[in-house]
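First comes the structure, then the notes that go with it.
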Amino acid sequence: MFKIVKREEMSQGTVILNEIEAPLIARKAKPGQFVILKANETGERIPLTMAYTDPERGVIAVIYQVVGKSTALFKTLKVGDGYQDVIGPLGKPTHIEKLGKVVCVGGGTGVAVLHPITRAMKEAGNHVIAIIGARTRDLLILEDFMRRASHELHICTDDGSYGRKGFVTHALKDILDREKIDQVVAIGPVPMMKFVSQLTREYGVPTLVSLNPIMVDGTGMCGGCRVTVGGETRFACVDGPEFDGHKVDFDELMLRLQAYCEEEKACFQEFCMMEESWHRK
Amino acid sequence: MADEATVKEKKTKKGRVPMPEQDPKERARNFLEVPLGYTPEMAREEASRCLQCKTPGCVEGCPVGIDIPGFIRLITDGEFTASIRHVWKQNSLPAVCGRVCPQEIQCEGKCVLAKKGQPVAIGNLERFVADWERAHGTGALPPKAPPTGKRVAVVGSGPAGLTVAGDLIQKGHEVTIFEAFHKPGGVLLYGIPEFRLPKEIVAQEVNFLERLGVQVACNVVVGRTVTLDELFAEGYQAVFLGLGAGLPKFMNIPGENLVGILSANEYLTRANLMKAYLFPQVDTPIPRGKDVVVLGGGNVAMDAARTALRLGAERVRLVYRRSREEMPARAAEAHHAEEEGIEFFLLTNPVRYLGNEKGRLVGMECIRMELGEPDASGRRRPIPVRGSEFTLECDLCIVAVGTGANPLLTSSTPDLKVNKWGYIEADPCTGKTMKKGVWAGGDIVTGAATVILAMGAGRLAANSIHDYLMRGW
Chain A
1 MFKIVKREEM SQGTVILNEI EAPLIARKAK PGQFVILKAN ETGERIPLTM AYTDPERGVI
61 AVIYQVVGKS TALFKTLKVG DGYQDVIGPL GKPTHIEKLG KVVCVGGGTG VAVLHPITRA
121 MKEAGNHVIA IIGARTRDLL ILEDFMRRAS HELHICTDDG SYGRKGFVTH ALKDILDREK
181 IDQVVAIGPV PMMKFVSQLT REYGVPTLVS LNPIMVDGTG MCGGCRVTVG GETRFACVDG
241 PEFDGHKVDF DELMLRLQAY CEEEKACFQE FCMMEESWHR K
Chain B
282 MADEATVKEK KTKKGRVPMP EQDPKERARN FLEVPLGYTP EMAREEASRC LQCKTPGCVE
342 GCPVGIDIPG FIRLITDGEF TASIRHVWKQ NSLPAVCGRV CPQEIQCEGK CVLAKKGQPV
402 AIGNLERFVA DWERAHGTGA LPPKAPPTGK RVAVVGSGPA GLTVAGDLIQ KGHEVTIFEA
462 FHKPGGVLLY GIPEFRLPKE IVAQEVNFLE RLGVQVACNV VVGRTVTLDE LFAEGYQAVF
522 LGLGAGLPKF MNIPGENLVG ILSANEYLTR ANLMKAYLFP QVDTPIPRGK DVVVLGGGNV
582 AMDAARTALR LGAERVRLVY RRSREEMPAR AAEAHHAEEE GIEFFLLTNP VRYLGNEKGR
642 LVGMECIRME LGEPDASGRR RPIPVRGSEF TLECDLCIVA VGTGANPLLT SSTPDLKVNK
702 WGYIEADPCT GKTMKKGVWA GGDIVTGAAT VILAMGAGRL AANSIHDYLM RGW
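As they're listed, the protein sequences go chains A and B. In this text, residue positions in the first sequence follow the working numbering: the first is 1, and each later residue adds one. In this text, residue positions in the second sequence follow the working numbering: the first is 282, and each later residue adds one.
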């Protein structure tokens with residue numbers, strides 16, 4: 001068992017942080033890599049990119065949004081409970097080097113994945129501008145972390161309840177108009193990454209995105225995570241998870257993410273009903 | 282003399298005792314094992330057909346050299362415990378091999394009775410003694426050599442890795458198996474379906490090794506969680522790589538990333554390892570196609586097609602580009618599939634997949650093929666027949682056209698030599714790789730093959746590792 005040593009709820013309980021004891025993985029993991037977690041015997045294997053690691057304490061941290069049965073099940077795990085299986089680190093680490101000016105753009109729980117990359121980019125000597133966004137103020141996560149990890153932080157909310165009203169792309173466009181940027185890293189919901197990539201293509205700024213398609217093993221064995229990049233099929237688990245945003249077929253990725261939407265919906269509803277009746281008892 | 286000749290004559294003429302099977306219509310809708318096994322009486326009767334040849338062809342045909350007449354004679358005598366012990370000397374996974382070995386081209390193919398009639402049902406008999414031991418055995422373990430203090434790491438818990446672990450633990454070494462998945466068994470677990478090899482059996486085989494003292498560490502991806510060199514630094518003196526051929530091949534034709542097209546690896550892993558056929562009792566979903574097409578003609582294609590049927594498909598078609606004769610699947614598997622209602626579309630190849638506006642598969646365009654001159658594999662090369670395109674409707678397609686070498690470990694271990702296809706170069710007699718202290722065997726060396734060939738490679742490597750640990754490289 002992989003014990004949960006710290007647990008925090010964010011965004012009105014829809015986003016959860018878990019620090020998990022996994023010394024072998026903590027020792028090896030680098031920014032941009034992911035793990036696969038499985039809660040129990042009947043559980044599903046869920047890939048999540050790590051938010052941070054602490055090799056000395058032997059822990060890794062994941063931050064996930066509750067979107068279906070499996071993540072709802074994860075949410076029921078308390079400190080002292082554990083995941084039956086944690087596998088990793090998987091995928092290629094982010095290529096970190098001194099490039100000059102870097103903009104890191106994060107949306108939703110993507111900010112959790114963006115944070116270690118942002119920090120590493122800063123440590124590598126880049127001038128790092130961060131933009132984070134959410135639908136509304138309460139859903140915004142890791143503001144303080146991102147402030148520390150960057151030189152300059154911009155915040156956007158769709159409803160204007162905090163920071164600038166509008167999408168992260170609006171803030172990004174202003175920056176691109178203002179100064180020469182050497183690299184953009186965008187991590188968040190697929191539509192966000194798509195629109196960021198469209199924008200940066202116009203400006204000719206290289207853009208890295210991190211993809212989280214459906215997968216089973218995470219080691220290149222199932223091919224469920226295939227994505228089209230530059231007209232070629234790549235496996236996100238071993239060739240990625242990060243790719244050149246200008247080459248990714250985001251529309252195909254969005255369709256592929258819907259592969260099990262009906263099964264997921266039915267499964268989640270059943271789980272929620274069971275949870276409810278359990279609480280009533 | 283005359284008597285002996287008459288006995289021989291009788292045995293030749295007597296047909297083999299058939300193994301009872303689930304009715305095809307019934308079994309096509311459940312995941313229970315298809316053959317039901319021999320009773321002790323059936324086993325003794327079948328065993329009595331063996332001629333006990335002085336120079337047995339069957340042993341020659343067995344990749345691990347089991348003394349087949351020996352264990353069969355013990356069955357005839359009703360000495361089932363002695364019989365399984367006899368098998369164990371050469372084969373640590375008899376319950377598995379009795380079920381999944383291609384006996385018709387190995388032991389049974391070489392049986393002298395096969396020349397005039399039906400060979401002795403060696404596979405069925407091996408399965409019988411293994412099952413008998415599982416049900417009635419004392420659970421007593423085979424003897425172990427005194428501890429040598431040497432440590433061996435086995436990477437991968439498929440048939441090759443399990444064989445190496447079983448052999449070396451009995452020779453007195455400490456053995457740890459590292460498995461990337463959350464459960465041990467490799468292809469026996471994720472690849473071969475429940476109805477051909479119950480997972481209970483795989484678990485028991487692994488448990489047998491654990492009782493012998495083998496450590497099993499799951500969730501360890503060697504090459505990522507630990508590197509090979511770190512294993513040596515941790516004190517392992519030898520490493521065996523039984524990684525399998527785990528990279529799915531696709532057709533590389535337009536539309537392949539539509540929703541509803543899965544590699545056989547993914548489909549079978551969902552069904553077998555994740556038990557997704559029990560969804561929603563388990564959390565992993567699996568697409569349940571109504572109209573399913575499976576691409577390929579091997580055992581994996583048969584497994585996928587038969588799984589689709591059991592998941593409720595109304596129609597399952599198997600599309601294969603050559604003819605029945607060239608089909609690599611075992612005759613028994615193809616026969617079982619057809620019995621259950623799988624339709625074979627032979628000499629047919631897909632050209633492109635067709636999708637709807639939601640990006641879901643709705644069909645595929647195929648073309649008829651004809652056979653030309655033999656190619657490098659010795660099989661006649663299929664050639665498209667111009668103008669013969671037609672459309673097959675389907676809502677699920679399983680691509681079972683083979684696997685390649687997974688580069689995950691080899692790419693992170695530069696001093697491990699691989700060939701142009703990415704398979705590890707290893708001495709065929711010893712399994713030694715170009716990296717000191719590292720052996721490899723099974724599909725990661727030969728490309729996709731059979732369980733028993735992987736076990737044979739494991740046996741050779743185990744002997745070589747033992748020599749190395751006791752005497753040097």
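From the three backbone atoms N, C-alpha and C, an ideal C-beta is built for every residue, glycine too.
Beta-carbon proximity of residue i to residue j, cut-off 8 Å
i	j	result
B/Gln-391	B/Gly-338	The residue asked about is misnamed: residue 391 of chain B is Lys in this sequence, not Gln. Contact flag set, yes.
A/Glu-309	B/Pro-561	Any answer about residue 309 of chain A is impossible in this case: the structure gives chain A only from 1 up to 281.
B/Val-563	B/Cys-678	no
B/Leu-549	B/Arg-569	no
A/Ala-236	A/Pro-213	yes
B/Ala-281	B/Gly-523	Here chain B covers residues 282 to 754 and nothing more, so residue 281 of chain B does not appear.
A/Leu-140	A/Thr-118	no
A/Gln-283	B/Val-410	This structure gives no information on residue 283 of chain A, because the portion of chain A shown stretches from 1 to 281.
B/Ala-545	B/Val-732	no
A/Thr-219	A/Val-196	no
B/Val-315	B/Glu-302	yes
A/Phe-74	A/His-115	no
Contact set for residue i: own chain, Cβ-Cβ below 6 Å, skip 5 residues either direction
i	result
A/His-170	none
B/His-747	Lys-452
B/Leu-512	Ala-434 and Val-520
A/Asn-40	Gln-84
A/Ile-63	Leu-17, Ala-51, Thr-109 and Ala-112
B/Met-282	Unreliable positioning characterises B/Met-282 in this predicted model, as indicated by a pLDDT of 47, which lies under 50. A coordinate reading is not provided.
Proximity to residue i [Cα-Cα], best of the options
i	options	result
B/Trp-702	B/Ala-686, B/Thr-694 and B/Gly-659	B/Ala-686
A/Gly-231	A/Val-248, A/Asn-18, A/Phe-243 and A/Asn-212	A/Val-248
B/Thr-444	B/Gly-467, B/Pro-428, B/Lys-431 and B/Pro-427	B/Gly-467
B/Glu-307	B/Glu-621, B/Leu-509, B/Arg-633 and B/Gly-683	B/Glu-621
B/Ser-364	B/Lys-397, B/Leu-528 and B/Gly-351	B/Gly-351
B/Ala-552	B/Gly-525, B/Pro-566 and B/Val-483	B/Pro-566
A/Val-276	A/Thr-76, A/Ile-155 and A/Glu-56	Per the sequence presented here, residue 276 of chain A reads as Glu, with Val not at that position. Minimum Cα distance to A/Glu-276 is reached at A/Thr-76.
B/Arg-667	B/Glu-638, B/Met-650, B/Ile-458 and B/Ala-721	B/Met-650
A/Ile-129	A/Val-79, A/Ile-20 and A/Lys-173	A/Lys-173
B/Ile-664	B/Leu-628, B/Phe-361 and B/Thr-711	B/Leu-628
B/Pro-344	B/Leu-734, B/Leu-741 and B/Ala-742	B/Leu-734
A/Val-168	A/Gly-160, A/Leu-199, A/Ile-131 and A/Tyr-162	A/Ile-131
B/Pro-709	B/Ile-725, B/Thr-694 and B/Asp-696	B/Ile-725
B/Tyr-471	B/Ser-438, B/Lys-295 and B/Arg-325	B/Ser-438
7 Å CB neighbourhood of residue i in its chain, flanking five on each side removed
i	result
A/Lys-28	Pro-89
A/Leu-99	Asn-126, Asp-182 and Gln-183
B/Asp-412	Gly-318 and Ala-376
B/Val-381	Ile-473, Arg-477, Leu-478 and Val-732
Own chain, CB closer than 8 Å to residue i, minus 5 neighbours either side, in chain order
i	result
B/Thr-506	Asn-500
B/Lys-403	The residue you asked about is not Lys; residue 403 of chain B is Ile in the sequence shown. Within the same chain, B/Ile-403 has close Cβ partners Cys-339, Ile-349, Ile-353, Gln-384, Cys-388, Glu-389 and Cys-392.
A/Ser-234	For clarity, residue 234 of chain A is Arg in the given sequence; the question names Ser instead. Closer than 8 Å at Cβ, skipping near neighbours: Arg-226, Val-227, Thr-228, Gly-240 and Phe-243.
A/Cys-222	Met-215 and Val-216
A/Tyr-203	Leu-176 and Ile-181
A/Gly-58	Glu-21, Ala-22, Pro-23, Ala-26 and Arg-27
Distance cut-off 7 Å: residue i Cβ against heavy atoms of the ligand GDP
i	result
B/Arg-661	Questions concerning the ligand GDP fall outside what the structure shown contains, since it holds no ligand whatsoever.
* Closer than 8 Å, Cβ to Cβ, to anything on chain B: give me those residues from the segment 253-272 of chain A, in chain order. => Leu-255, Arg-256, Gln-258, Ala-259, Tyr-260, Glu-263, Glu-264, Ala-266, Cys-267 and Glu-270
* Any 3 or more C-beta pairs closer than 8 Å across the segment 534-546 of chain B and the segment 636-655 of chain B -> Taking a contact to require three or more Cβ pairs closer than 8 Å, the segment 534-546 of chain B and the segment 636-655 of chain B qualify as touching.
* Using a Cβ-Cβ cut-off of less than 8 Å, give me the residues of the segment 73-91 of chain A that come near chain B, in sequence order. => Leu-73, Gln-84, Asp-85, Val-86, Ile-87, Gly-88, Pro-89 and Leu-90
* Cβ pair count under 8 Å reaching 3, the segment 583-602 of chain B against the segment 691-709 of chain B -> By the Cβ test, the segment 583-602 of chain B is not in contact with the segment 691-709 of chain B, since fewer than three Cβ pairs between them sit closer than 8 Å.
* Using a Cβ-Cβ cut-off of less than 7 Å, give me the residues of the segment 210-235 of chain A that come near chain B, in sequence order. => Val-216, Asp-217, Thr-219, Gly-220, Met-221, Cys-222, Gly-223, Gly-224, Arg-226, Thr-228 and Thr-233
* To do: Return the residues of the segment 663-690 of chain B that lie within a Cβ-Cβ distance of less than 8 Å from chain A, sorted by chain order.
  => Asn-687, Pro-688 and Leu-689
* Below 9 Å between beta carbons is the criterion; list the residues of the segment 713-742 of chain B that meet it against any residue of chain A, in chain order. => From the segment 713-742 of chain B, no residue has a Cβ closer than 9 Å to chain A.
* **Three or more C-beta pairs below 8 Å linking the segment 131-141 of chain A and the segment 104-118 of chain A** => Touching, yes, given that three or more Cβ pairs across the two stretches are closer than 8 Å.
* Does the segment 418-435 of chain B touch the segment 510-519 of chain B, meaning 3 or more C-beta pairs lie closer than 8 Å? -> The segment 510-519 of chain B is in contact with the segment 418-435 of chain B.
* **Residues, ordered as in the chain, of the segment 13-27 of chain A that lie near chain B by beta-carbon distance below 7 Å** => Leu-24 and Ile-25
* Should the segment 650-659 of chain B be regarded as contacting the segment 182-202 of chain A, the criterion being three or more beta carbon pairs within less than 8 Å? -> no
* Of all the residues that make up the segment 184-197 of chain A, which are near chain B by a beta-carbon distance shorter than 8 Å? -> Per Cβ criterion, the list is empty.
* **Residues in the segment 502-520 of chain B having any Cβ partner in chain A nearer than 8 Å** => Val-502, Arg-505, Thr-506 and Val-507
* Residues within the segment 36-53 of chain A neighbouring chain B, beta-carbon criterion of under 7 Å -> Lys-38, Thr-42, Gly-43 and Glu-44
* Determine which residues of the segment 640-651 of chain B have a Cβ less than 9 Å from any Cβ of chain A, and write them out in chain order. => Gly-640 and Arg-641
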